[in-house]
Amino acid sequence: MKQFDVTPVSARLAEKPVSLIQFARSAGRNMLEVIPAETLRETYVRGPLNIHYICDPEMITELLVGQGRSFPKAKFTKDIIGSAVGNGLILSEGDKWRQQRRRYSPLFAARNLPVMARHFAETGTEVAESLAEHPGPVDMAQVAPASTLTNISRVIFSGNKEVSSEQIRVGLIAYFNYISDLSLFDLMGLPKWLPRKKWLSSKAPVTTMRDLARQVIEQRRAENRAEPLDFLDFMIEALKTDFEDKETTVDNLLTFVVAGHETSANALAWGYYLLALNPDMQNRIRTEIRSARPDGLIEFSDLEAMPLLRAHVKETLRLYPSAAFFARDAADSVEIKGVKIEKGDALFYPVYSLHRNQKLWDEPDQYRPERFMGPALPRGQYIPFGDGPRICIGAQYAETEIMVLMASVLRRVNFSLGDAPMPEPVLTFTMRTSGPLILEVEQA
């Protein structure tokens, strides 16, 4: 029997200091290449110019929850994705952000998740059946995003008689490719009036998706359903009592699409890989799933009986956080744990490094889902969805989607490693695989 290295693949971080030009060039291709490898060994690293790399849980908590809770998103973040998601919940600041957060928080309430879970389970069942019927090598880096795209079509764009699901799929793929094309000038923080190479490419992917979003919103409002049946229904229901202009609603619909597609897809792909790498754990989780729901669609209520699956998902997001890096701009001067941060400094949070930091975790590079079966971790040590007021509004939604899809698939099929080399993590808009992730699939 072929033996495999059971240490999960990891990213190569920067072992030498990186200049600003090198930073911008490398970050556009793979942001992980410019994060100092020292962040894996130390909890605070002073970068060049005005950059702070922060992996200290207490500093993170103070900057995201305490003194720095109102610090804005980094300018380059807004420059990179602003054209695609506008001034929605991800990028808005101040009162505009607070209004939107208040408006949409009920949308992601636990009471709505059973409805969403049924849609996710339908997709998961379809994926499971397809994989079971076609055993052999499968690129899960393609299967995973296809399943989350299907979910988006089901919970947002379903029921649109004038637009086919294939049009939506093609439009969304082009849209995600557009926003994942990072500009060197944006990463360097150069003025917006300087031409970007991206300007030469058509903005049609964004225009097309904005037009589609307006169309489905208007059509669904006209239907005026008596009872919400999917995500878009819940969104429109929320807007009945809290007015929002049409373009901001389009911004937010696309924000939710962007935030909920690649992030969940990446977690699924890496999660299947980790199970192929650890067949004993895969079998234990499959037994747990079958005990909770032997057949039929996985229900939201079933997830409470799947603590091992939940721990696996959490460990996947520790080793391969979809949001592996984020940044803030210091709006004021502060001093935390002896570190002086000046107004205007760049606060970099390398979540990938935080989750694998040698000072914070036992065997940080090893797959150990039992880490999440015991006492709660110190705040600021595990932040796959961020923290503080701007913690991801859809965290529970994402965890539900990942668990339901994974449970639906694992119940039917088994994953194992073949001869194909495993890709490395690459970070652009989210942390994805550097290439195909080929796993052997067979009916379980």
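Its first residue numbered 2, the sequence shown is counted upward by one per residue in the numbering used here. Glycine included, each C-beta is placed from N, C-alpha and C at the ideal position.
Pick out the complete beta strand (DSSP E) segments inside the segment 120-160, 3 residues or longer, and give them in chain order.
-> Considered as a whole, the segment 120-160 harbours 137-140 as its complete beta strand (DSSP E) runs of no fewer than 3 residues, in chain order.
Could you check where the alpha helix (DSSP H) with M282 kicks off and where it finishes?
-> Taken as a continuous stretch (DSSP letters only), the alpha helix (DSSP H) holding M282 covers 280-293.
Out of P424, L114, I299, V414, point me to the one whose CA is closest to V442's CA.
-> V414
When the Cα atoms are used, what is the spatial distance from P448 to E63?
-> Look at the range of the chain in this structure, 2 to 445, and you will see that residue 448 is not part of it.
Consult DSSP for F416 and reduce its assignment to one of helix, strand or coil.
-> strand
F186 versus E316: straight-line alpha-carbon distance, rounded = Residue placement at F186 is poorly supported in this model, since its pLDDT is 43, which falls under 50; the coordinates still yield a value, given next. Within the model, the alpha-carbon separation for F186 versus E316 is close to 35 Å.
Looking at the structure shown, is K199 part of a helix, part of a strand, or coil, going by DSSP?
-> Legend: pLDDT at K199 = 49, less than 50; position of this residue unreliable, value from coordinates given subsequently. Reduced to three states, the DSSP call for K199 is helix.
Backbone CA spacing between T431 and Q444 [nearest angstrom] | 31 Å
For D234, count neighbouring Cβ atoms within 10 angstroms of its own Cβ and tell me buried if that reaches 16, exposed if not.
-> Label assigned to D234: buried.
To the nearest whole angstrom, what separates the beta carbons of G89 and T264, a pair I think is in contact under 8 Å?
-> With 8 Å as the limit, G89 and T264 do not qualify as a contact, their Cβ atoms being about 16 Å apart.
Does the beta-carbon of R329 have 16 or more other beta-carbons within 10 angstroms, so that it is buried, or is it exposed?
-> buried
Under a Cβ-count criterion, where at least 16 other Cβ atoms within 10 Å of its own Cβ denotes burial, should M374 be classed as buried or exposed?
-> exposed
Reducing DSSP to helix, strand and coil, say where F301 ends up.
-> helix
From the DSSP output, which residues share a beta bridge with P426?
-> T434
Cβ-based neighbour list, I157, same chain, cut-off 6 Å, excluding 5 preceding and 5 following | F232, L233
Report the partner residues of I55 according to the DSSP bridge assignment.
-> Beta-bridge pairing links I55 to Y45.
K87, buried or exposed, once every other Cβ within 10 Å from all chains shown has been counted against 16 = Reading off the sequence shown, one finds Gly at residue 87, where the question assumed Lys. G87 comes out buried.
Cross-strand partners of P37 (DSSP beta bridge) | A15
Proximity below 8 Å, CB of A270 to CB of L438 = A270 places its beta carbon less than 8 Å from that of L438.
Short check: CB of A32 to CB of F349, under 8 Å?
-> Just to set this straight, residue 32 is Met in the shown sequence, not Ala. Taking 8 Å as the Cβ cut-off, M32 and F349 do not qualify as a contacting pair.
Tell me, please, whether the segment 108-125 touches the segment 279-292 by the rule of three or more beta-carbon pairs shorter than 8 Å.
-> Judged by Cβ distances under 8 Å, the segment 108-125 makes no contact with the segment 279-292, as fewer than three pairs qualify.
Put I342 into one of helix, strand or coil per three-state DSSP.
-> strand
Beta-carbon contacts of R311 that lie in its chain and below 8 Å, excluding the five residues immediately before and after = L304, F373, E400, M404
Is the distance from the Cβ of E426 to the Cβ of A38 below 8 Å?
-> Just to set this straight, residue 426 is Pro in the shown sequence, not Glu. No.
Identify which residue in F72, M117, T78 has its Cα closest to the Cα of G95.
-> F72
Closest by C-alpha distance to F177, when choosing among S409, V258, P365 | V258
Simplified DSSP state of Y368, which is helix, strand or coil = coil
With hydrogens ignored, establish whether the beta-carbon of I384 is closer than 7 Å to any heavy atom of the ligand ZN.
-> Inclusion of the ligand ZN in the displayed structure is not the case, the ligand content being empty and no account of it being possible.
Rank G419, P115, S292, A277 by C-alpha distance to the C-alpha of P308 and give the top, closest one.
-> S292
Taking just the CA atoms, how far does P58 sit from L320?
-> Separation of L320 and P58 (C-alpha to C-alpha, rounded to the nearest whole angstrom) is 17 Å.
Residues bridged to Q444 by DSSP?
-> V414
Is L213 helix, strand or coil when you go by DSSP?
-> helix
Counted within 10 angstroms of its Cβ, other Cβ atoms place I392 as buried (16 or more) or exposed = exposed
Using the Cα positions of L191 and I384, report the straight-line distance between them to the nearest angstrom.
-> Reliability of the predicted coordinates at L191 is poor, the pLDDT of 45 falling under 50, and no value is obtained from them.
The alpha helix (DSSP H) enclosing A312, as first and last residue numbers | 308-320
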